[in-house]
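If you're matching positions, the sequence shown starts at 1 in UniProt numbering and goes up one per residue. C-beta: ideal position from N, C-alpha, C; glycine also. Notes for the one structure printed next.
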Amino acid sequence: MSGRIPEEKIEQIRKSIDIVDLISEYVQLKKQGKNFSGLCPIHSEKTPSFSVSPDKQLYHCFGCGAGGNVFSFLMELEGLEFIESVRKLAARSGINLPEVEKKTSSQAQKFEPWIKAHELTAKLYHHVLTQTEQGKEAYRYLQERGFSDEAIVRFQLGFAPDSWEFLSSFLQKRGFNHRDIVDCGLVAERSFDGKLFDRFRGRLMFPLWDKDGRVVGFSGRVLGDGEPKYLNSPESALFNKQELLYAFHYARPKMRKKNEAVLFEGFADVISAYEAGIEYTIAAMGTALSERQAKILRRNVDRVTLCYDSDDAGMNAAYKNAQTLTSAGLNVEIALLPEGYDPDDFIQQVGADRFKNDVLDTSFTFMAFKMRYYRRGKNLQHETERMEYLNQVLDEISHLPRAVERDHYIRQLADEFSLSLDALKQELTQRYKARLKQRQHGESGTEVKRPRTFYASEKRLLPAFQNAERYLLALMLRDRTMAEKVQREIGANFNVDEHQAIAAHLYSFYADHSQPDLDKFITHLPDQRLQKITAELAMMTIDEDLSEQALNDYIQRVLSYPKQLEIDKLQQVQKEAEEANDPLRAAQIAQDIAKMKKELQKQVENES
């Protein structure tokens, strides 16, 4: 997990930072017993649910589930990679990382003039737009579009004169290397004589920033007729449009506070939204959203609202990008605009309040959007096309994980098409069961591992076996002897995937460490989800002087769950046999159930 940073350096940095001091820089904390509490800086809340333990050097939010140590705090709050958080905390502590600097120095030296050239170019284009005769037409165009001077300055908008050597001459006179300004994409060179010429000419210029707010590229918009409408910097080691989101560094603090981002297609949409007071907006560097961009968003927010043009291209982009975002684990909504509008037009012509109230606040769930999306171009009065539509929508509904969602949407279908609700429920049940069966048996039809209960961060009543696993892990995190006992009794047979992973890492940790060290253990976990769960378990209030009988009861609940699951399945099969008027089969299954229950009871008594 540490990458190229030596383990001893990470330990030195971790021990040099007090988590209460660090988090106090972002949120006001108040002493509450042994811990400190405050409003969660990661999600928006009115009642404090964020707790920091100075003893354990951990934090946990009981509202959003965030949790971890000093490294994971910066990763969650600022959307950093692990190594980036280590570097930032090292700088805070005054700890040098010569091993990292030595390996990255050549790359940093290579990019330094590229970044300086981009920053200087952005200032030059902005000066031309706002202070010279050459930029008057572009400046007037922006004013007519409703862009304020404040927005023009904030987003560093500029203008590239219609000249073949304006920028190339400017950069060379200031000592920039010919090869550097070509390789970084600011200018180009003629193939036959190597002479430089400006890539951007006669265009309104939008600087493009990386996540740290450094200018790494440009997008130039033609003012009149001409193709392409937008011309972007070429891909380079510095500029990769698959990893950038327009104005992300501006939007990130607001996004994280609101736990939501609004994703537009165009740069002008973002600027108009900013003017309207909606500052948690970004845009992709093209129509299609990359998996990398989706992961960046997932590290910062839980929900993304897509707001694209209402034409076919916009609808297709919304559908495709919503799938990408959903696959990354984000909750997705789609805000639909009236026909003929894009977000910028709507804000400028109809108004900011109407955009918030009539567009963003009435956004559709992804499923509701799919129902609209699939009916495009179909004549639903025609029986064949209507049945095709119903089949598509029912298939999508059957993928929904929650029964209440499935019920909600099939009732809509029943009402709209005057269909029998019972018939739709039966059809949906068959599809849902078929899908579950396919998951359980895999592609080959061979039964795979029993279905596991996945960890849920939302607050709800958990089944007894899951509470038992959580309690055991909480004890194991505090007591090596307890971990060794659980390893002997349960081993890897935890029923929740995340619990099994944490236990495996904990067994390994105790093989190398004689004493518990929650902060250090969390640093070694491979992903943030396990870190969050471990932080929550570590902050649980438990009775560390648990009786032997109570401990055995917890262990037995974990071990008996698979057998109980089999019994429950058999009882369902028995019920189906009875409904099918097959008393012999039902009686045989009843015998099997009785035998399994007896074995389970005997197992419990032996453990007692």
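*Minimum length 3: unbroken beta strand (DSSP E) runs contained in the region 209 to 234*: 215 to 222 and 230 to 232
*Between Ile410, Ser398 and Glu227, which lies nearest to Gln430 when the distance is taken from Cα to Cα?*
On the sequence shown, position 430 is the one that residue 430 refers to. Among Ile410, Ser398 and Glu227, the Cα nearest to that of Gln430 belongs to Ser398.
*Give the C-beta separation of Phe197 and Met205 to the nearest angstrom, bearing in mind that I take them to be a contact with Cβ-Cβ under 8 Å.*
Here residue 197 corresponds to residue number 197 of the sequence shown, with the count starting at 1. Here residue 205 corresponds to residue number 205 of the sequence shown, with the count starting at 1. The pair is not a contact, with the Cβ atoms about 17 Å apart (cut-off 8 Å).
*Just checking my contact of Ser16 with Ser93 at CB under 8 Å: how many whole Å lie between their CB atoms?*
On the sequence shown, position 16 is the one that residue 16 refers to. On the sequence shown, position 93 is the one that residue 93 refers to. The pair is a contact, with the Cβ atoms about 4 Å apart (cut-off 8 Å).
_Segment limits, beta strand (DSSP E) that includes Val52_ = In the sequence shown, the residue the question calls residue 52 occupies position 52. Unbroken beta strand (DSSP E) run through Val52: Phe50 to Ser53.
_Suppose the cutoff is 8 Å on Cβ atoms and the five residues either side in sequence are ignored; what does the same chain contact list for Gly79 look like?_
The residue given as residue 79 occupies position 79 in the sequence shown. Correct list, in chain order: Lys211, Arg252, Arg256, Ile296, Arg299 and Asn300.
*Take Gln348 as the anchor and find which of Gly68, Arg411 and Gly146 has the nearest alpha-carbon.*
Counting from 1 along the sequence shown, the entry for residue 348 is found at position 348. Nearest of Gly68, Arg411 and Gly146 to Gln348, Cα basis: Gly146.
*Can you give the beta carbon distance from Gly220 to Ala160, rounded, assuming they're within the 8 Å contact cut?*
The residue labelled residue 220 in the question sits at position 220 within the sequence shown. The residue labelled residue 160 in the question sits at position 160 within the sequence shown. Going by Cβ atoms, the distance from Gly220 to Ala160 rounds to 6 Å, so yes, they are a contact pair.
*State whether the region 494 to 506 contacts the region 461 to 475, with contact taken as three or more CB pairs (one from each stretch) at a distance under 8 Å.*
yes
*Does the Cβ-Cβ distance between residue 613 and Val304 come in under 8 Å?*
Residue numbering for the chain in the displayed model covers 1 to 608; residue 613 lies beyond these limits and cannot be assessed.
*Would Glu536 be called buried (16 or more neighbouring beta carbons within 10 Å of its own) or exposed?*
Along the sequence shown, one-based indexing puts residue 536 at 536. Flag for Glu536 reads buried.
*Tell me, please, which residues DSSP counts as bridged to Cys61.*
The count along the sequence shown starts at 1 and reaches residue 61 at position 61. Phe50, per the DSSP bridge assignment.
*Roughly how many whole angstroms lie between the Cα atoms of Phe355 and Ala328?*
Position 355 of the sequence shown, counted from the first residue, corresponds to residue 355. Position 328 of the sequence shown, counted from the first residue, corresponds to residue 328. Cα to Cα, Phe355 sits roughly 28 Å from Ala328.
*Rounded to a whole number of angstroms, what is the C-alpha to C-alpha distance between Asp592 and Ala577?*
Here residue 592 refers to the residue found at position 592 of the sequence shown. Here residue 577 refers to the residue found at position 577 of the sequence shown. About 14 Å.
*Exposed or buried, what is Ala550 when buried is set at 16 or more other beta-carbons lying within 10 Å of its beta-carbon?*
As a working note, residue 550 is residue 550 in the sequence shown. By the neighbour-count rule (16 or more Cβ atoms within 10 Å), Ala550 is not buried but exposed.
*For the alpha helix (DSSP H) that Thr305 lies in, which residues bound it at each end?*
Looking up residue 305 in the sequence shown gives position 305. Note, Thr305: premise wrong, no alpha helix (DSSP H); beta strand (DSSP E) at Arg303 to Leu306.
_Reduced DSSP secondary structure (H/G/I, E/B, other) of Ala590_ = Against the sequence shown, residue 590 aligns to sequence position 590. If DSSP states are grouped into helix, strand and coil, Ala590 belongs with the helices.
*Please determine, among Asn357, Thr362, Asp344 and Ala284, the residue with the shortest C-alpha to C-alpha distance to Thr324.*
Your numbering for residue 324 matches position 324 in the sequence shown. Ranking Asn357, Thr362, Asp344 and Ala284 by Cα distance to Thr324 puts Ala284 first.
_Nearest to Lys532 (by Cα), restricted to the options Phe62, Tyr26 and Gly68_ = Taking the sequence shown and counting its residues from 1, one reaches residue 532 at position 532. Measuring from the Cα of Lys532, the nearest candidate turns out to be Gly68.
_Beta-carbon proximity list for Gly266, same chain, < 8 Å, skipping 5 on both sides_ = Working through the sequence shown from its first residue, we reach residue 266 at position 266. Excluding sequence neighbours, Gly266 sits near Ala283, Asp342, Pro343 and Asp344.
*What residues match up with Asp198 in a beta bridge as DSSP calls it?*
As a working mapping, residue 198 is identified with position 198 in the sequence shown. Paired residue(s): Val187.
*asked:* Run through the DSSP bridge pairs and tell me what Leu245 is partnered with.
replied: If you number the sequence shown from 1, residue 245 lands on position 245. In the DSSP output, where bridge partners are listed per residue, Leu245 has Ala284.
*Got a sec, what are the start and stop residues for the alpha helix (DSSP H) Asn331 sits in?*
Residue mapping note: residue 331 aligns to position 331 of the sequence shown, counting from 1. Looking at the DSSP string, Asn331 is not in any alpha helix (DSSP H); the run it does join, the beta strand (DSSP E), is Asn331 to Ile334.
*Segment contact flag, the region 39 to 56 with the region 122 to 131, C-beta cutoff 8 Å, min 3 pairs*: no
_Tell me which residue opens and which closes the alpha helix (DSSP H) that Gly266 is part of._
Within the sequence shown, residue 266 is the residue found at index 266, counting from 1. Unbroken run through Gly266: none, as it is neither H nor E.
*Just tell me which of Ala138, Asp162, Ser163 and Trp164 has its CA closest to the CA of Ile152.*
On the sequence shown, position 152 is the one that residue 152 refers to. Comparing Cα positions, the closest option is Ala138.
*State the Cα-Cα distance for the pair Glu112 and Glu119, rounded to the nearest angstrom.*
By 1-based counting over the sequence shown, the position of residue 112 is 112. By 1-based counting over the sequence shown, the position of residue 119 is 119. So the two alpha carbons sit approximately 11 Å from each other.
*Buried or exposed: where does Leu421 fall if 16 or more other Cβ atoms within 10 Å of its Cβ makes it buried?*
In the sequence shown, residue 421 corresponds to position 421, counting from 1. Burial call: exposed.
_Cα-Cα separation between Glu260 and Leu546, rounded to whole angstroms_ = On the sequence shown, position 260 is the one that residue 260 refers to. On the sequence shown, position 546 is the one that residue 546 refers to. When rounded, the distance between both Cα atoms is 42 Å.
*Cα-Cα separation, Tyr374 to Tyr389*: Reading the sequence shown from its first residue, position 374 is the one you call residue 374. Reading the sequence shown from its first residue, position 389 is the one you call residue 389. Taking the straight line joining both Cα atoms gives about 7 Å.
*Distance CB(Met476)-CB(Leu58) smaller than 8 Å*: By 1-based counting over the sequence shown, the position of residue 476 is 476. By 1-based counting over the sequence shown, the position of residue 58 is 58. Going by C-beta atoms, Met476 is not nearer than 8 Å to Leu58.
*With 16 other CB atoms within 10 Å as the buried threshold, where does Ser168 fall?*
Within the sequence shown, residue 168 is the residue found at index 168, counting from 1. Ser168 should be labelled buried.
_Alpha carbon of Gln156 to alpha carbon of Lys116, nearest angstrom_ = What you label residue 156 is simply residue 156 of the sequence shown in a count that begins at 1. What you label residue 116 is simply residue 116 of the sequence shown in a count that begins at 1. Cα-Cα distance, rounded: 15 Å.
_Residues near Met367 by beta carbon distance below 8 Å, same chain, minus five either side_ = As a working mapping, residue 367 is identified with position 367 in the sequence shown. Excluding sequence neighbours, Met367 sits near Glu396, Ile397, Leu400, Glu405 and Tyr409.
_Which same chain residues end up closer than 7 Å to Gly158 when comparing Cβ atoms and leaving out the 5 residues on each side of it in sequence?_
Indexing the sequence shown from 1 puts residue 158 at position 158. These residues qualify, in order along the chain: Ala122, Tyr125, His126, Val128, Leu129 and Met205.
*asked:* With DSSP as the reference, identify every bridge partner of Phe111, one or two as the case may be.
replied: Taking the sequence shown and counting its residues from 1, the one referred to as residue 111 is at position 111. None, per the DSSP bridge assignment.
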